[in-house]
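K.L.:
Mind looking over this structure? Questions follow.
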Amino acid sequence: MASGAPATESPTSVFDVAAYILRREGPMTTWKLQKLVYYCQAWSLVWDDDVLFQEEIQAWANGPVVPALYEIHRGEYRVATIQQGNPDVLTDSQRETVDAVLDFYGNKSPQWLSDLTHMEDPWRKARAGIRDGERGTARITEESLAEYYGSLQTDVS
11 MASGAPATES PTSVFDVAAY ILRREGPMTT WKLQKLVYYC QAWSLVWDDD
61 VLFQEEIQAW ANGPVVPALY EIHRGEYRVA TIQQGNPDVL TDSQRETVDA
111 VLDFYGNKSP QWLSDLTHME DPWRKARAGI RDGERGTARI TEESLAEYYG
161 SLQTDVS
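Numbers given in my numbering equal positions in the sequence shown, counted from 1, plus 10.
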């Protein structure tokens, strides 16, 4: 299980990860893209003991959001490309992680993904004290992601 602290500085940005997701999966709603990059970060912390990207994740009313990514797709419902991202900079290990996340979560609806995040501790704990539907910018920490999603992983030896 991950210690919760990033092992190294990741040269990959959330834009690179989003560009990779869109190249593989095709156009999607911005809402779904936000949830997929969130799950990619969470499982990278568990499986690789490292962050996938450095940008902060916040617990917004509709689920986890990376504000830096939101800023470039603000006002759009669907997105097909992320011009600021380069999908080719992901390492083989990072691509394996993202591919595994997409294999599991990629066919889920944005609403399903949002509902799932609302039932999970990292978002719930970050939103503690904030009313349902109320705006909030509480940070979801890498430590909370590693701890929660690491507890879901079972050892198969």
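Ideal Cβ positions, reconstructed from N, Cα and C, are used throughout, including at glycine.
1) List in chain order: all unbroken beta strand (DSSP E) runs of 3+ residues lying wholly within the segment 35-70.
2) Which of the three DSSP states is assigned to residue 21 in this structure?
3) Residue range of the alpha helix (DSSP H) that residue 108 falls in?
4) Is DSSP giving residue 134 helix, strand or coil here?
5) Report the rounded CA-to-CA distance for residue 115 versus residue 108, giving the unit in angstroms.
6) Can you round the beta-carbon distance between residue 92 and residue 156 to whole angstroms, since I take them to be within the 8 Å contact cut?
P.N.:
Let me spell this out:
1) 67-70
2) coil
3) 102-115
4) helix
5) 10 Å
6) Residue 92 to residue 156, Cβ: 26 Å. No contact.
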